[in-house]
Amino acid sequence: MTVINFTNLDKTYNSSNQRQSHLGSEKQDNKRKDPALKHCLLDSIFACFIIFLSLCLIMMYAHYSYVDGNTDCPRCHRYEDLFKNIEKLNKYKKVSCQGNEFHGDQSLVPNQYRIVCYYVILSNSTHSRQLPSNYVDPYLCTHIIVGFTAVFNGTLTPPTSEIIDIYKTITAFKLMNPSLKVLLSVEDMASNGEFGKMVADENLRHKFSVDTINFLSSMNFDGIDLDWEFPAWPNPNIEQAKNFTILLENLKNEIAFRNNESYILSVAVAAPEVIIDQSYQIRDMARFVDFINLMSYDYHMYTDYLPLTGPNSPLYPRPADRLFQQTLNINWSVSLWMKCGMPASKINIGIPTYGHSFWLINEDNNGWNAPAKGFGTIGSGGFITYPDACHFIADPSSTNHFDDDYRVPYSFNGRNWISYDNEMSVREKANYIKENKFGGAMIYSLNSDDFYGECGTVKFPLLRRISDILS
Numbered sequence: 001m002t003v004i005n006f007t008n009l010d011k012t013y014n015s016s017n018q019r020q021s022h023l024g025s026e027k028q029d030n031k032r033k034d035p036a037l038k039h040c041l042l043d044s045i046f047a048c049f050i051i052f053l054s055l056c057l058i059m060m061y062a063h064y065s066y067v068d069g070n071t072d073c074p075r076c077h078r079y080e081d082l083f084k085n086i087e088k089l090n091k092y093k094k095v096s097c098q099g100n101e102f103h104g105d106q107s108l109v110p111n112q113y114r115i116v117c118y119y120v121i122l123s124n125s126t127h128s129r130q131l132p133s134n135y136v137d138p139y140l141c142t143h144i145i146v147g148f149t150a151v152f153n154g155t156l157t158p159p160t161s162e163i164i165d166i167y168k169t170i171t172a173f174k175l176m177n178p179s180l181k182v183l184l185s186v187e188d189m190a191s192n193g194e195f196g197k198m199v200a201d202e203n204l205r206h207k208f209s210v211d212t213i214n215f216l217s218s219m220n221f222d223g224i225d226l227d228w229e230f231p232a233w234p235n236p237n238i239e240q241a242k243n244f245t246i247l248l249e250n251l252k253n254e255i256a257f258r259n260n261e262s263y264i265l266s267v268a269v270a271a272p273e274v275i276i277d278q279s280y281q282i283r284d285m286a287r288f289v290d291f292i293n294l295m296s297y298d299y300h301m302y303t304d305y306l307p308l309t310g311p312n313s314p315l316y317p318r319p320a321d322r323l324f325q326q327t328l329n330i331n332w333s334v335s336l337w338m339k340c341g342m343p344a345s346k347i348n349i350g351i352p353t354y355g356h357s358f359w360l361i362n363e364d365n366n367g368w369n370a371p372a373k374g375f376g377t378i379g380s381g382g383f384i385t386y387p388d389a390c391h392f393i394a395d396p397s398s399t400n401h402f403d404d405d406y407r408v409p410y411s412f413n414g415r416n417w418i419s420y421d422n423e424m425s426v427r428e429k430a431n432y433i434k435e436n437k438f439g440g441a442m443i444y445s446l447n448s449d450d451f452y453g454e455c456g457t458v459k460f461p462l463l464r465r466i467s468d469i470l471s
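Note that UniProt numbering gives residue 176 to position 176 of the sequence shown, counting from 1, and the numbers run on in steps of one.
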């Protein structure tokens, strides 16, 4: 059984007793010539210099600009803000989560795991592909979350007739699978947007709670999911973090007032430690939410601020990881959520069906932390779907590896480099969920899995592998 250290998060998980035998690379690298070795050495020195410079800038910024807060204790695309807050965290985490550790019953009924699947309606802000609603398999998920709607003037944005048709198609799957639950997700990607305005106003919070429950009832939804990225981030705002918790309480009270306790309230929450500490009052959240969906992905992607390769969704750290790098993995994130008061049975571990691409500076330097200068040429904007990955690794010119420490694969072909999840890595994550009795898995998203069967004869192969283990 996988053991999580809940008492000392500063200790790196020791995976030596649980490593699977290394599958090895699927293709042996040719022996490098001396000039290539010199390039690799130079690139390694360059990578170390970037990391050192980043840490220096972090500490300088934190020393001159830290403003202390006292909040109770979030998927991060804003790496600049993330780095600026690392040193804040080192000072702050000694006092965060005090008295919040959860000691209650965290057991689950055997084999009763949630498989929560996001179905994304494409918009200008989404990196995915169109999944026809009639291609969704209603038997692979216990919950389907339809995303995303938004907030305007304290209420849900009115859907178009096309979106209403999609709502009706997905909710009609409950006729085929009566145990299926369908939720609607509300998204806002900024703390100072329309969602933040609603949260700040008591009257708008009440209006949102009432109108939302009315809309769920009218469209045959079973609950609401709040995907706010992120409260009180990047600028500390204790009042906003508190008001978000009050909103959760208002929604829960409105559900109770309607005498419909079957309505579900969930929240999509962040995985980076610095955002967790600043954005959420976890102990109080745990009283009101039915479950949280931990966005345990996007730990690494190409950015100007850290132009190095890395795993999208590592399960554990590597022994070579240092300082904040030790926190960029699922085991660390979920351990912190539990330490701060969220029961294991209410945590759904996020498993991505997509990955990230990088364009290497030097194709001979192609491992972890290899210098890159942009997105790869496959996928869109650095995002790749599982079929994208399948086609890439099937190319005879590609070299494919599985890392025994991170428990995830990566592949490269020339200067194209990708981090992704495959059937082996999602199996590792599903077993991790089962062995540690978490609430279940959150799949992001159905759209990025192989729903046409391009990779083989099986449709939704990643989701199906997870379902086989957790069902």
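Just so it is clear, CB atoms sit at the ideal spot from N, CA and C, and this is done for glycine as well. Keep in mind it's a predicted model, so treat the numbers as computed, not measured.
Could you say which of the options lies nearest to residue i if we only look at CA atoms?
i: W417; options: A268, F451, E363 and I264; result: E363
i: L336; options: L308, I275 and A394; result: I275
i: L180; options: N203, S209, D137 and L216; result: D137
i: F230; options: H206, F195 and E261; result: F195
i: A232; options: K197, V146, D395 and N214; result: K197
i: D284; options: K242, I238 and G193; result: K242
i: N312; options: I292, W368 and I347; result: W368
i: L446; options: L462, G193 and E202; result: L462
i: Q130; options: I282, D450, S471 and F291; result: D450
i: V426; options: A286, N413, G440 and R415; result: G440
i: K373; options: A394, R407 and R415; result: R415
i: Q325; options: I144, Y406, Y167 and E261; result: Y406
i: A344; options: K252, D290 and F438; result: F438
i: F358; options: S419, N365 and F375; result: F375
i: I115; options: F208, Y297, L328 and F291; result: F291
i: N293; options: I349, E162 and K174; result: I349
i: I469; options: T457, I121, K429 and T377; result: K429
i: N436; options: S397, M338, K459 and F460; result: M338
Return helix, strand or coil for residue i, following the three-state DSSP convention.
i: C390; result: helix
i: F83; result: Annotation note: pLDDT 46 at F83 (below 50); position unreliable, no value reported.
i: N413; result: strand
i: W233; result: coil
i: W359; result: strand
i: G104; result: The predicted position of G104 is uncertain, since its pLDDT is 35 and thus under 50; no value can be drawn from it.
i: W332; result: helix
i: L131; result: coil
i: N214; result: helix
i: T142; result: coil
i: S191; result: coil
i: G350; result: strand
i: N243; result: helix
i: L463; result: helix
i: F451; result: coil
i: I163; result: helix
i: D404; result: coil
i: T171; result: helix
i: L457; result: Per the sequence shown, residue 457 should be read as Thr rather than Leu. Reduced to three states, the DSSP call for T457 is coil.
i: S397; result: coil
i: H63; result: Residue placement at H63 cannot be trusted, given a pLDDT of 35 that sits under 50; what the coordinates show is reported in the next sentence. Helix.
Per DSSP, residue i forms a beta bridge with which residues?
i: R114; result: G440
i: G147; result: V120
i: G223; result: L183 and I264
i: S419; result: H356 and Y410
i: P371; result: L308
i: W337; result: W337 pairs with nothing; no bridge assigned.
i: T155; result: F152
i: I384; result: G355
One question on the structure: do residue i and residue j come within less than 9 Å of each other, judged by their Cβ atoms?
i: S266; j: L226; result: yes
i: F288; j: L315; result: no
i: G147; j: S185; result: yes
i: P319; j: N331; result: no
i: P307; j: P371; result: yes
i: S411; j: F383; result: no
i: S133; j: Y119; result: yes
i: V269; j: F221; result: no
i: N471; j: Y113; result: It should be pointed out that residue 471 corresponds to Ser in this sequence rather than to Asn. Taking 9 Å as the Cβ cut-off, S471 and Y113 qualify as a contacting pair.
i: S448; j: P352; result: yes
i: I213; j: I255; result: yes
i: residue 472; j: D388; result: Because the chain in this structure spans residues 1 to 471, residue 472 falls outside the shown range and cannot be described.
i: S209; j: N250; result: yes
i: Y263; j: G223; result: yes
i: Y135; j: Y452; result: yes
Please decide whether residue i counts as near chain B, where near means a Cβ-Cβ distance under 9 Å.
i: S128; result: Of the protein chains in the structure, only one exists, and it is not chain B.
Query - Those runs of the alpha helix (DSSP H) which lie wholly inside the segment 249-323 and span at least 4 residues - result: For the segment 249-323, the continuous alpha helix (DSSP H) assignments of 4+ residues that do not extend past its boundaries occur at 273-279 and 282-288, in sequence order.
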